[in-house]
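Residue numbers (the numbering used here): 36 to 361.
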């Protein structure tokens, strides 16, 4: 395992574990997944993963409970991260919700407490006042944000009066907007970009194509998995496979290695099983050659998916199509 070279109380592994799927029915795993989730967490710890990310909204607290129980006695050594869902994120509410998350996680201090989304109606100064109070009493170590643009990240940090260590954003070979401003800022200032959905919900794994689309509710709601987009992505998947063959790796591992080449990026892919966790962790040790990285970047740049309003008619058709039409 490799780590981000930053001055933090606990080391930040380049690969972490995202736990949205723990206790969340929308991923289709259900209550029976809890035992398997614990096995995934234990294996991650063995492989040197130190960052475990949850949120109070994941399974309405179940993800936090499952994660805390699975970490057990290793909780003090790990970077336990969670997020507040910003419904009325005024200072007093932020403090109350942090106490509740810490209790579910079974920790005395949340290593990284993040604002899950920017609230358009509540200014960051009141949210960060609550965060600062939590840091002052030791209930929160580092403060982070999620889904923030660069300017609002900077505003949040100014409001906190201390570093806002991280910004957790959607970042993958399909979603490369963070490369324009967030990544340079993180490198210049010693901050971290945490990449969620780093495999574009499995699009970059090569498991799906126009004739074999995913079946889960979360992926069906993602326009990337429209048949037309799966067809358009075939060239990118082929490039991933070619680079993967050169490294005796999988397309998913190469897609992760692409992100991890940036020194201040930490990726938090989820895992549905122990073997997937092992593959994800191994991606941290892959070194892409300059020409391989350039080829991946150029192919990703040429991928033009149908998204937004243009994708809506196809999304509706896919949602209501009969089984024989799918």
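Ideal placement from N, C-alpha and C gives every residue a C-beta, glycine not left out. If you're wondering where the values come from, they're calculated on a predicted model, not measured in any experiment.
Problem - Nearest-angstrom Cα separation, counted from residue 329 out to residue 289 - result: Residue 329 has its alpha-carbon roughly 13 Å from the corresponding atom of residue 289.
Handout entry: Every unbroken alpha helix (DSSP H) within the segment 293-344, with a cutoff of 4 residues, ordered by chain
Key = If we require 4 residues or more, the alpha helix (DSSP H) runs fully inside the segment 293-344 come out as 309-317, 325-337.
Handout entry: Collapsed DSSP secondary structure at residue 92 in the structure displayed
Key = The answer is coil: DSSP assigns residue 92 none of H, G, I, E or B.
Practice task
Note down the Cα distance separating residue 277 from residue 270, rounded to an integer number of angstroms.
Solution key: Looking at the two C-alpha atoms, the distance is approximately 11 Å.
Practice task
Mark residue 275 as exposed unless 16 or more other C-beta atoms lie within 10 angstroms of its C-beta, in which case mark it buried.
Solution key: Around the beta carbon of residue 275, a 10 Å sphere encloses 16 or more other beta carbons of the protein chains shown; the residue is thus reported as buried.
Exercise for the section: With DSSP collapsed to three states, give me the class of residue 203. Expected result: DSSP, read as helix, strand or coil, puts residue 203 in strand.
Practice task
Please confirm if the segment 291-303 is in contact with the segment 226-234, defined as three or more CB-CB distances below 8 Å between the two stretches.
Solution key: The segment 291-303 vs the segment 226-234: in contact.
Handout entry: Where residue 305 falls, given that 16 or more other Cβ within 10 Å makes a residue buried
Key = Burial call: buried.
Exercise for the section: Using DSSP bridges, identify the partner residues of residue 119. Expected result: For residue 119, which the question treats as bridged, DSSP gives the partners 150.
Exercise for the section: Please state whether DSSP places residue 158 in a helix, a strand or coil. Expected result: Coil at residue 158, not helix or strand.
Practice task
Could you check how far apart the C-beta atoms of residue 91 and residue 117 are, in whole angstroms? I think they sit under 8 Å.
Solution key: 7 Å between Cβ atoms; contact.
Problem - Where residue 39 falls: helix, strand or coil (DSSP) - result: In this structure, residue 39 counts as coil in the three-state DSSP scheme.
Problem - Extent of the continuous alpha helix (DSSP H) to which residue 179 belongs - result: That residue, residue 179, is in no alpha helix (DSSP H); its beta strand (DSSP E) goes 175-181.
Handout entry: Inter-residue Cα distance where the pair is residue 110 and residue 102
Key = Inter-residue distance for residue 110 and residue 102 is about 9 Å (C-alpha atoms, whole angstroms).
Handout entry: Within-9 Å CB hit, residue 37 to chain C
Key = No chain C appears in this structure, which consists of one protein chain only.
Practice task
Check whether the Cβ atoms of residue 121 and residue 209 lie closer than 9 Å to each other.
Solution key: Not a contact, by the Cβ cut-off of 9 Å.
Practice task
Grab me the residues of residue 396's own chain with a C-beta within less than 6 Å of its C-beta, minus the 5 sequence neighbours each way, in chain order.
Solution key: Since the first residue of the chain shown is 36 and the last is 361, residue 396 is not available in this structure.
Problem - CB of residue 25 within 9 Å of CB of residue 37, strictly - result: The shown model of the chain, from 36 to 361, leaves out residue 25, and the question about it has no answer.
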